[in-house]
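I have placed the structure first, in the form of structure tokens, so that the comments after it can refer back to it.
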Amino acid sequence: MTEQNSQQSAISPARAAALAAVDSQKSADWWSTAVSDIEPDVIRFRGYPIQDLIRHATFVETIWTMVRGTAPTRAEAALLEKALVAAVDHGPQAPSIAAARMAATCGVGLHGAMSTGVGLLGDVHGGAGQQCVEFLQRLVARAEGGDLAEAVAAEIAAYRERRAYVPGFGHRFHTRDPRRDPLLEAVQDAVDAGVVSGRYLAAALELEAQLSAGRTRPVPMNIDGATAVIYAELGFSAELARGLFILSRSVGVLAHSWEESQSGRRIKGPMPPPLLPTYTGYPERAWGADDSGTAPSEVPAE
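Under this note's numbering, the first residue of the sequence shown carries the number 3, and numbering increases by one thereafter.
Here it is as structure tokens:
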């Protein structure tokens with residue numbers, strides 16, 4: 003008996019049953035997909051030959067087609083493009099950009115720097131757009147057959163009761179986000195042209211008005227709120243809104259990562275030398291000295 007025959011005869015009944023249960027079709031179905039169809043000399047995305055897309059489709063139209071399954075109209079693609087352009091970058095004060103730049107000086111390569119930056123886009127930094135889409139969807143659903151102003155007032159009251167931030171409004175850096183107006187103007191143009199319904203735009207504007215009522219300093223929509231209006235009007239799911247923001251911001255992450263990688267600086271930390279972080283712990287002390295185990299910052303006030 004050959005070694006191969008010996009190994010085959012030693013297969014356990016459970017393993018033999020597993021092998022018998024899986025045929026070629028089941029193996030092919032394991033990664034079944036409606037996104038792309040790849041064969042020798044054939045590449046199709048959502049059924050469209052790559053040759054046609056290369057010749058006729060824009061990158062934004064291809065993005066839409068890939069995630070939605072059908073091609074957008076030119077007007078829909080133009081509105082989506084404005085949202086993608088607006089969110090490309092916000093400078094090194096954005097944690098995702100700063101982290102990518104630091105990573106670029108640590109020898110991780112361009113891919114490592116980019117993944118570091120993108121990895122920081124979570125619920126707090128990068129997630130407000132998704133949260134605002136969800137908020138607007140709730141408002142529109144709640145206002146159906148009712149009063150939009152009342153629906154907005156109720157939602158604001160609920161947020162204030164739990165002392166939560168309303169996503170998509172106000173900005174830690176800008177008094178009025180310069181991206182707000184051109185984005186909302188584009189949405190209004192799309193509403194006037196019959197491209198989108200305008201329901202989410204109306205909800206966002208009512209929300210903005212009520213948040214600013216009685217305040218000396220208004221609370222205008224920021225980039226997350228304005229792009230959330232676009233994504234909601236175009237029918238994207240809230241989670242896809244975050245994915246599209248990440249796709250857009252990846253361009254800025256790439257640009258900053260590349261620029262920093264060309265600087266020649268090594269191991270660039272978060273603070274420029276010779277600046278040192280403020281130390282709030284114990285003063286220098288000898289090992290074994292008797293102490294209560296309580297750090298200075300933990301000592302209760304008398």
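We put the CB at the ideal spot given by N, CA and C, even for glycine.
Treat the numbers as computed from the prediction; the structure is a model and nothing was measured.
Each residue's CA atom was taken as its position, placing H173 and A153 some 24 Å apart. Contact check between the stretch 82-96 and the stretch 182-197: three or more CB pairs, one atom from each, fall below 8 Å, which counts as touching. CA-CA distance, R244 to S29, rounds to 33 Å. Restricted to the stretch 125-196, the alpha helix (DSSP H) segments that are unbroken, complete and at least 4 residues in length are 130-145, 150-163 and 182-194, listed in chain order. About 12 Å separates the CB atoms of H258 and P97; that is not less than 8 Å, and the two are not in contact. Between A106 and L122, the C-beta gap is not smaller than 8 Å, which leaves the two residues out of contact.
Contact holds between the stretch 166-180 and the stretch 222-231, because three or more Cβ pairs, one in each stretch, are under 8 Å apart.
In the DSSP annotation of this structure, R287 is not part of any beta strand (DSSP E), being labelled neither H nor E. About 7 Å separates the CB atoms of S252 and M116; that is less than 8 Å, so the two are in contact. For the 8 Å CB-CB criterion, I99 and V255 form a contact.
Bounds of the beta strand (DSSP E) holding S38 are S38 to E41. Excluding residues up to 5 positions away in sequence, A79, L82 and E83 lie with their Cβ nearer than 6 Å to the Cβ of V62 in the same chain.
Residue pairing by DSSP places P51 opposite R46 in a beta bridge. DSSP places Q27 in the uninterrupted alpha helix (DSSP H) bounded by S26 to D31.
Assigned with DSSP and collapsed to three states, M273 falls in coil, not helix or strand. With 16 or more other Cβ atoms inside 10 Å of its own Cβ, D179 counts as buried. Here L278 is exposed, its C-beta having fewer than 16 other C-beta atoms within 10 Å. With respect to A89, L138 sits apart: the two C-beta atoms are not nearer than 8 Å. Separation of A230 and C134 (C-alpha to C-alpha, rounded to the nearest whole angstrom) is 6 Å.
Looking at the DSSP output, M223 sits in a beta bridge with F171. Its chain contains M104 as the residues whose beta carbon lies nearer than 8 Å to that of G271, once the 5 sequence neighbours on both sides are disregarded; these appear in chain order. The stretch 194-208 and the stretch 140-153 touch, with no fewer than 3 CB-CB distances between them shorter than 8 Å. With respect to A195, A77 sits close: the two C-beta atoms are nearer than 8 Å.
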